[in-house]
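Step one of this worksheet: look at the structure below.
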Amino acid sequence: MWVLFDGICHAFPTILASTIFVVIVIAIFAGLLISLLHEDQGIMTDPVLAELALLSLVQFLSGDGLADMYYTLMLARPELSLIFIPLCVLVTIGLMNLVPAILFENQAREKEYKQIIGQQRFQKEKVFTADGVTEVSNGWLSTADFAEKFGAFKLDELFAVLVRKLCPGDPDPILPVDEFLEAVMELLILEVPLSTMETLTAWTVLKSAWLTQESQESMEKQEDSMHIQQLMGMAPFRKKNRRIFVGCIVMSYGDICSIVPST
1 MWVLFDGICH AFPTILASTI FVVIVIAIFA GLLISLLHED QGIMTDPVLA
51 ELALLSLVQF LSGDGLADMY YTLMLARPEL SLIFIPLCVL VTIGLMNLVP
101 AILFENQARE KEYKQIIGQQ RFQKEKVFTA DGVTEVSNGW LSTADFAEKF
151 GAFKLDELFA VLVRKLCPGD PDPILPVDEF LEAVMELLIL EVPLSTMETL
201 TAWTVLKSAW LTQESQESME KQEDSMHIQQ LMGMAPFRKK NRRIFVGCIV
251 MSYGDICSIV PST
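Heads up, the sequence shown is in UniProt numbering, so the first residue is 1 and it goes up one at a time.
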């Protein structure tokens, strides 16, 4: 019962459209029949046919034996079959299509829902298995990709990052050792979820240090590869790289000019 009620609620626009269609058809044909039959003096003067000719919209919806009334009037005036037969066909088809409309509406909604779920699963698998930075349109997919990537770290690599970022004699370190140990302890020993760790300052700093180290290593590898290719004559110095190199020189020269006071 609940499934049927839920289907009717979701298919209400289709049911409403079918009902409006049936009502409009009945109203049009009822008005046409009343006009034609009232102008026909032969029917209106007959006591039997005159009662059957007094049709209205309410009588059509609530009356019994409609076929007998139509059949009697069509015997008296065969040309009325051009109105009665299309009226019965259209109303019957409209009423019979209410149940299929509910079923098709629910099937279309279920199919659309499955397609959306399938696309989301495909996008998740695509994001989680891609190497490097993957651009996606949905923000929560990007967040899930970031959490998944950072969740697969190794402790020795994190300690290596800590050693590179901290100096023993630095009075203002980027990430203090106690904050680092506290973040790792809460993550591994206390089993604090990543969603909670995202709000901690120590974990945020550690995460930025980790990603900065990864980006620096990636840039160093690209620079070394380009340098080797240029030395071997395998890759010419591209215009795009040339623009970047010239831009760096200009920016460096501007910084120097801004720092050194003019004499």
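Cβ coordinates follow ideal geometry from the N, Cα and C atoms, glycine included. Since the model is a prediction, treat every value here as computed from it, not as a measurement.
Simplified DSSP assignment, three categories, for residue i
i: Glu-135; result: For Glu-135, the predicted model reports a pLDDT of 48, less than 50, meaning its position is unreliable and no value from the coordinates is stated.
i: Ala-30; result: helix
i: Asp-6; result: helix
i: Arg-77; result: coil
i: Ala-11; result: coil
i: Arg-243; result: Unreliable placement is indicated for Arg-243, whose pLDDT of 38 sits below 50; no coordinate value is reported for it.
i: Ala-17; result: helix
Alpha-carbon spacing of residue i relative to residue j, whole angstroms
i: residue 334; j: Ile-85; result: This structure cannot speak to residue 334, because the chain is shown only from 1 to 263.
i: Val-48; j: Ala-30; result: 19 Å
i: Ala-11; j: Met-44; result: 45 Å
i: Phe-104; j: Leu-16; result: 15 Å
i: Leu-82; j: Ile-26; result: 15 Å
i: Arg-77; j: Asn-97; result: 31 Å
i: Glu-110; j: Ser-18; result: 21 Å
i: Leu-33; j: Cys-9; result: 36 Å
i: Val-89; j: Val-99; result: 17 Å
i: Asp-40; j: Ala-50; result: 10 Å
i: Thr-72; j: Phe-5; result: 41 Å
i: Gln-107; j: Tyr-113; result: 10 Å
i: Leu-37; j: Ile-28; result: 14 Å
i: Ser-35; j: Ile-20; result: 23 Å
i: Ile-24; j: Leu-80; result: 20 Å
i: Gly-42; j: Leu-75; result: 13 Å
8 Å contact criterion, which residue i and residue j should meet: CB distance rounded
i: Ile-93; j: Thr-14; result: Ile-93 to Thr-14, Cβ: 15 Å. No contact.
i: Val-22; j: Leu-95; result: 6 Å
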